[in-house]
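Peer 1:
In this note's numbering, the protein residues as written are 10 to 462.
1) Buried or exposed: where does residue 151 fall if 16 or more other Cβ atoms within 10 Å of its Cβ makes it buried?
2) Taking buried to mean at least 16 other C-beta atoms within 10 Å of its own C-beta, is residue 213 buried or exposed?
3) Please name the residue, chosen from 142, 125, 317, 136, that lies closest to residue 158 on a Cα-to-Cα basis.
4) Residues in the same chain with beta-carbon distance under 7 Å from residue 76, minus the five sequence neighbours each way, listed in chain order, please.
5) Measure the C-alpha to C-alpha separation of residue 125 and residue 91 and round it to an integer number of angstroms.
6) When you measure from the CB of residue 404 to every non-hydrogen atom of the ligand MN, does any distance come out below 6 Å?
7) Give me, in chain order, the residues of the same chain whose beta-carbon lies closer than 8 Å to that of residue 177; leave out the 5 immediate sequence neighbours on both sides.
8) Under 7 Å, do residue 338 and residue 327 count as touching if we go by C-beta distance?
9) Using the three-state DSSP reduction, which class does residue 312 fall into: helix, strand or coil?
10) So, helix, strand or coil for residue 232, using DSSP?
11) In three-state terms, what does DSSP make of residue 289?
12) May I ask you to list the residues that DSSP assigns as paired with residue 417?
13) Using the C-alpha atoms, what's the distance from residue 156 back to residue 342?
14) I'd like the ranges of any alpha helix (DSSP H) spanning at least 4 consecutive residues and lying wholly in the region 116 to 180.
15) What did DSSP end up calling residue 404 once you bin it into helix, strand or coil?
16) Going by DSSP, what residue range makes up the beta strand (DSSP E) through residue 191?
17) Determine the burial state of residue 196: buried for a count of at least 16 other Cβ atoms within 10 Å of its Cβ, exposed for fewer.
18) Could you pull out every unbroken beta strand (DSSP E) segment of at least 3 residues lying fully inside the region 245 to 289, listed in chain order?
19) Suppose you measure from the CA of residue 38 to the CA of residue 105; what does that come to, to the nearest Å?
20) Output the boundary residues of the alpha helix (DSSP H) element that contains residue 322.
21) Using CA atoms only, rank isn't needed, just tell me which of 270, 320, 230, 293 is closest to residue 304.
22) Which two residues bound the contiguous alpha helix (DSSP H) that contains residue 95?
23) Please state whether DSSP places residue 82 in a helix, a strand or coil.
24) Out of 220, 329, 123, point me to the one whose CA is closest to residue 297's CA.
25) With DSSP collapsed to three states, give me the class of residue 367.
26) How far does the beta strand (DSSP E) with residue 374 in it extend, from its first residue to its last?
27) At what residues does the alpha helix (DSSP H) containing residue 409 begin and finish?
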C-alpha cells in the first residue's frame, strides 16, 4: 500500500485523560471550592490550586521492537520511585516525540501511579526511490538528500529532503517542479520512501522591466544584460532561462555600463524577480537611479618611485581633464602605469586610483598613487609542458636572462617570439611569480605543444 505523506496527519497523541488535565485533579481541585463573599465586600481572587505530586510505583515501556526500554526512559525524567504530575507526564511525551525515534506515545496509569509508556516506533527506511527525474540524475540528488537506507524514518526529515530536491531544480531554473513524497509500508516496521517528481518546464524570463531610467532606453539597457527576454525566436536560448546568480551579474553589468558613460553615482535600488500568475515564468523589474553625469577634473600622478616623472606620467595617460568620466578608462590607466613601472624593473609596483567627487561642479578629480617599490630581478626562468621541444629552443627566444632586471616590455617581446615559433597552442603567456625575496621574480613558461600531423 502506498500512502502519501501529509504534514497535517502527524500522529502525536497522549491519553485523553492526560490531555484533559484531569489526572490527579479530584482532591486538589476540591480544595478550591470556597463560599462567595458578600456583594458589598471586596472580591479576592481565588487561590490557584497547586497539583500534588504522586509517587511512581511502577514504570514500564510497552510496544518497543528495536529500541531498548532503557533507551526510551533515558529521554524522560520519569523514574520508578520518583514523583510525577500532569506537567511532568506532558513533558515526557514531548521529549519522547522530539527524539524522532517514535511515531506515537501514550502514557497510562496516571491515576494509580503504575505508569505504562506505550510507544509506536518510527519505521526504518528500506529504500529511497526517485520517480520522474529525467533532468537530474539520481547520483546528483543523492548528494543532497539526507534520507538513506537503515535510517529512522521521520516526516520532518522527508520535508527537509523535499525542500532540498526542489532547491536543486530551482538552481536549474525549474521553479514549477513539484515533489510528492509517498511511503510504502513493509514488514518488520520498514518502509520504502518514494519521491514522485514532476520536473515541470524550465522557467523563462518573460519580461524585463526597468524603472527610473531617463537617459538610456529600456532596449539599450536590456542589451547590456546577460539575461534576455524569452521570445519565439530565442525560446531555446539558455540566456532566456531564469537564473538567480545571473540576476546579480546583470546588476553589475548595468553598473559597469553607466560608470563607463560618466554616471558615477548610478545605483540599482532594487531588483525583483516575480513568478507569473501561471507559476511558469518570471518577470524581472529593476528600479534604478541614474544620477548626474560627471567629467574628469584634474588628473595627476603621485609616485614614490624616484625614477618616475609624475608630470610626464600624467600627460601620457589616456584620460584627460574635461572628458566624460569613464571607469574603464581608469582601470586602463592603472594597467598602463603598472606596465610602465615594469619597464623600469618594478614588477610589483602598487598603483591605486584616488577619487575626489565634486557634486556641484560634477567633476571627478583623479590621482594615481604609486607606492614605493624595489627594483625586481629575474631569479630564474622555468619552462614546463614541453615534451618534444628542447628547453634551449625556447630559452633562446627570451629577451631577458636570469639575473637581469625585470622589464615588462622585454618579457612581452619574449612571449611574442615564443608564440611565433608555431610549436605551441595559442594564448601562451609567461606567468610572473614571486621569488625567494621581495626583489626577486620567477618567470614561468608553461607551454602546450600542438599535436603532430
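C-beta: ideal position from N, C-alpha, C; glycine also.
Peer 2: Taking the structure as given:
1) exposed
2) buried
3) 136
4) 110, 130
5) 14 Å
6) Inclusion of the ligand MN in the displayed structure is not the case, the ligand content being empty and no account of it being possible.
7) 145, 149, 150, 153
8) yes
9) strand
10) helix
11) coil
12) None; residue 417 has no bridge partner.
13) 56 Å
14) 147 to 153, 164 to 180
15) helix
16) 187 to 195
17) exposed
18) 276 to 284
19) Caution applies to residue 38, whose pLDDT of 27 falls short of 50 and renders its modelled position unreliable; the value that the coordinates give is listed next. Going from the Cα of residue 38 to the Cα of residue 105 covers about 29 Å.
20) 319 to 324
21) 270
22) 95 to 107
23) helix
24) 220
25) strand
26) 372 to 379
27) That residue, residue 409, is in no alpha helix (DSSP H); it is neither H nor E in DSSP.
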